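Student: Numbering (the UniProt record's numbering), first residue to last: 1 to 201. A virtual CB, placed ideally from N, CA and C, is assigned to each residue, including glycine. Predicted model only: the values in this text are computed from it and were never measured.
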Ligand SMILES: Cc1cc2nc3c(=O)[nH]c(=O)nc-3n(C[C@H](O)[C@H](O)[C@H](O)COP(=O)(O)O)c2cc1C
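Printed below as a string of structure tokens:
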């Protein structure tokens, strides 16, 4: 039985969020194909993820005892390493990811847990796992002149690789705020791709 961590980063709820329309179908299809696996939903807004405080830094950098493991922000990084696969659903905000997702990544980057320092530099401790990033965007950042301004998917792909997770797939629905586009068709295409990727995930 595999554990799948479904990380949701949007203030909009299902029905309003186009990103969640795609990611929820991904999860539905995944569950259909892997009924024994456990999908853990982590809604970052419901969790009220905040920014790192001085006492959090002490926990991240300090001794990882049982108390810290259960009763501090360290619970998020332990939950993270306990998972086998990751589904991240986040719209593009200001060329990147919503700030709450970056704040969450600050919780999850903990030396000795997701990565470690060695004589030869940092090494990821989450090898063999896989991730999918599901994103919707107003403009087109998959190709064309704006591609180089895209910093959300690039950041996630890089930080996951830093943890040792190089099996990283992106499912992007671009141009959803472009009035000249058939937005429903773009969404449907992304949902079909998501369902196909979910079958093999
Ligand atoms: C705060 C905010 C910032 C945004 N910044 C961008 C942006 O930089 N580039 C872009 O193409 N779309 C941007 N958008 C548009 C969203 O990415 C787009 O509408 C997306 O489909 C929203 O997904 P959702 O329906 O799941 O919330 C932004 C939207 C919001 C609310």
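Excluding five sequence neighbours on each side, which residues of the same chain lie with their C-beta closer than 6 angstroms to the C-beta of residue 133?
Tutor: Position 133 of the chain shown, counting from 1, holds the residue named residue 133. So the list reads 88, 153, 156 and 170, once near-sequence residues are dropped.
Student: Which two residues bound the contiguous alpha helix (DSSP H) that contains residue 158?
Tutor: Within the chain shown, numbered from 1, the residue matching residue 158 stands at position 158. Segment 152 to 162, the alpha helix (DSSP H) holding residue 158.
Student: Do residue 95 and residue 9 count as a contact pair if the criterion is CB distance below 8 angstroms?
Tutor: The residue you call residue 9 lines up with position 9 of the chain shown. The residue you call residue 95 lines up with position 95 of the chain shown. Not closer than 8 angstroms, so no.
Student: May I have the straight-line CA-CA distance separating residue 84 from residue 191, to the nearest angstrom?
Tutor: The residue given as residue 84 occupies position 84 in the chain shown. The residue given as residue 191 occupies position 191 in the chain shown. Near 23 angstroms, if we compare the C-alpha coordinates of residue 191 and residue 84.
Student: Name the residue from 36, 28 and 139 whose alpha carbon lies nearest to the alpha carbon of residue 180.
Tutor: On the chain shown, residue 180 is found 180 positions in, with the first residue counted as 1. The shortest C-alpha to C-alpha distance from residue 180 to any of 36, 28 and 139 is the one to 139.
Student: Give the DSSP-derived three-state secondary structure of residue 4 in the structure shown.
Tutor: If you number the chain shown from 1, residue 4 lands on position 4. Correct three-state label for residue 4: strand.
Student: Answer with yes or no whether the minimum CB distance from residue 72 to chain D is below 8 angstroms.
Tutor: Within the model displayed, chain D is absent; a lone protein chain is all it includes.
Student: If you measure from the CB of residue 95, is any heavy atom of ligand 1 nearer than 7 angstroms?
Tutor: The count along the chain shown starts at 1 and reaches residue 95 at position 95. Residue 95 Cβ: within cutoff of ligand 1.
Student: Please classify residue 17 as buried or exposed, where buried requires at least 16 neighbouring CB atoms within 10 angstroms.
Tutor: Counting from 1 along the chain shown, the entry for residue 17 is found at position 17. Residue 17 comes out buried.
Student: Quick check for students: name the residue ranges of the beta strand (DSSP E) that lie wholly in the region 109 to 157, counting only runs of 3 or more.
Tutor: 115 to 118, 121 to 124 and 130 to 136
Student: Considering only their Cβ atoms, is the gap separating residue 64 from residue 113 smaller than 8 angstroms?
Tutor: Counted from its first residue, the chain shown places residue 113 at position 113. Counted from its first residue, the chain shown places residue 64 at position 64. Yes. Within cutoff.
Student: On the DSSP bridge list, what partners appear for residue 203?
Tutor: Since the first and last residues shown for the chain are 1 and 201, residue 203 lies out of range.
Student: Which ranges would you report for the alpha helix (DSSP H) in the region 64 to 105 if only whole runs of at least 4 residues count?
Tutor: Those alpha helix (DSSP H) runs which fall completely within the region 64 to 105 and span 4+ residues are 66 to 71 and 74 to 82.
Student: With residue 42 as the anchor, note down where its beta strand (DSSP E) starts and where it stops.
Tutor: Position 42 of the chain shown, counting from 1, holds the residue named residue 42. 38 to 43 is the span of the beta strand (DSSP E), which, as asked, contains residue 42.
Student: Give me, in chain order, the residues of the same chain whose beta-carbon lies closer than 6 angstroms to that of residue 40; leave out the 5 immediate sequence neighbours on both sides.
Tutor: On the chain shown, residue 40 is found 40 positions in, with the first residue counted as 1. The residues are 5.
Student: Less than 8 angstroms separating the beta-carbons of residue 199 and residue 33?
Tutor: What you label residue 199 is simply residue 199 of the chain shown in a count that begins at 1. What you label residue 33 is simply residue 33 of the chain shown in a count that begins at 1. It is a contact, given that the beta carbons lie within the stated cut-off.
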